Amino acid sequence: MRYYVLDRGDQLSVDLSEQFHKIASQRGFQLDAESPEIVISIGGDGTMLQAFHTFVDHIPDIAFVGVHTGHLGFYADWKADELPQLIELMSASTTGSLKPRIVQYPLLELEIQRKSGKTTYIALNEFTLKGVDGTVVAQVDINDQTFEMFRGDGICISTPSGSTAYNKSLGGAMVHPTIEALQIAEIASINNRVFRTMGSPLLLPKHHHCDIYSRKDQRLLLTIDHVNIQVDDLISVRCLVAKEKVSFARYRPFPFWNRVREAFLG
Ligand code: NAD
Numbered sequence: 001m002r003y004y005v006l007d008r009g010d011q012l013s014v015d016l017s018e019q020f021h022k023i024a025s026q027r028g029f030q031l032d033a034e035s036p037e038i039v040i041s042i043g044g045d046g047t048m049l050q051a052f053h054t055f056v057d058h059i060p061d062i063a064f065v066g067v068h069t070g071h072l073g074f075y076a077d078w079k080a081d082e083l084p085q086l087i088e089l090m091s092a093s094t095t096g097s098l099k100p101r102i103v104q105y106p107l108l109e110l111e112i113q114r115k116s117g118k119t120t121y122i123a124l125n126e127f128t129l130k131g132v133d134g135t136v137v138a139q140v141d142i143n144d145q146t147f148e149m150f151r152g153d154g155i156c157i158s159t160p161s162g163s164t165a166y167n168k169s170l171g172g173a174m175v176h177p178t179i180e181a182l183q184i185a186e187i188a189s190i191n192n193r194v195f196r197t198m199g200s201p202l203l204l205p206k207h208h209h210c211d212i213y214s215r216k217d218q219r220l221l222l223t224i225d226h227v228n229i230q231v232d233d234l235i236s237v238r239c240l241v242a243k244e245k246v247s248f249a250r251y252r253p254f255p256f257w258n259r260v261r262e263a264f265l266g
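Residues 1 to 266 (UniProt numbering) make up the sequence shown, in order.
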């Protein structure tokens, strides 16, 4: 099995990472930073976001596994002391005696059009657009029809698995990842006679898209998961459900709603 490990860098995560390499080499796993089949993230959700973006160009060929060294993460469901058990199960999967369940989650595709050109990105959790100097003025179109003129702190577009992250803090709905959709949630919109927004989060199905047009000269902060890009020449951002999905290898079941309950209700 070709694998790669990415850890958060704190002592516990680094120690676990070393422990993983040691047992993995005894089991005949090959460390492969170029084209791993399995990527193990050791740390928290932020570490998984980092792992995802490190291998974003190889997403269809990789299955991710998360080990958490802090509190339970949405993408990291193995505890530190369960690492030997995880390696045991991974090892069994190489001999064919156990097959992990591969669960696939939808992703968000972004086409960011600036005066300087167009760039495409993929988000695992969400994309947010915020003002650097004050409120954002933006027009939101859905399927090429003008939908609303937004003024406020910003807009968040999330994936189903990202719906439990920033989107949740904005009053968005939690969406089961079998539903292929993107969610638009407002960040503190101003509503008056000029600027009118729907006010409630919207779910767009696959094959729909929304475009956000910058409607004044403004410096904007574009955030894709944990990655920030500051721009002063934004024309628009197109958001749609990506064609590819991210895969997670589940060596034991941990249903989404159990994850939600354990993370938020204890
Ligand atoms: P971070 O370490 O501050 O993470 C913030 C929190 O978000 C952590 O507790 C993490 O466990 C949690 N989280 C991440 N993905 C999640 C998910 N899919 N479901 C439930 N919880 C999740 O920051 P970071 O490591 O840079 O992570 C970036 C993420 O932080 C962003 O993708 C965004 O979702 C989240 N965030 C949340 C808020 C907010 O809720 N007000 C604000 C900014 C960023």
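Idealized CB from N, CA, C, for every residue including glycine. This structure is a prediction, so every number in the text was calculated from the model and none was measured.
Taking 7 Å as the cut-off, the C-beta of residue 258 does not count as close to any heavy atom of the ligand NAD.
Checking the 7 Å criterion, the Cβ of residue 186 is out of range of every heavy atom belonging to the ligand NAD. Around the beta carbon of residue 227, fewer than 16 other beta carbons lie within 10 angstroms, which makes this residue exposed. Taking residue 40 as reference, the option from 57, 236, 80, 244 with the minimal CA-CA separation is 80. Taken atom to atom, the span from the alpha-carbon of residue 198 to that of residue 29 is near 52 Å. With a contact defined as Cβ atoms closer than 8 Å, residue 131 and residue 220 qualify at about 6 Å. The three-state secondary structure of residue 171, taken from DSSP, is coil. DSSP places residue 265 outside both helix and strand once states are collapsed to three, so it counts as coil. Residue 129 has its CB no nearer than 7 Å to any heavy atom of the ligand NAD. Residue 228 has its Cβ no nearer than 7 Å to any heavy atom of the ligand NAD.
For residue 165, the distance from the CB to the nearest heavy atom of the ligand NAD is below 7 Å.
In this structure, residue 156 sits away from residue 135, with a CB-CB distance that is not shorter than 8 Å. At a cut-off of 7 Å, the beta-carbon of residue 49 counts as near the ligand NAD: some heavy atom of the ligand is closer than that. DSSP places residue 23 within a helical segment (H, G or I) once states are collapsed to three.
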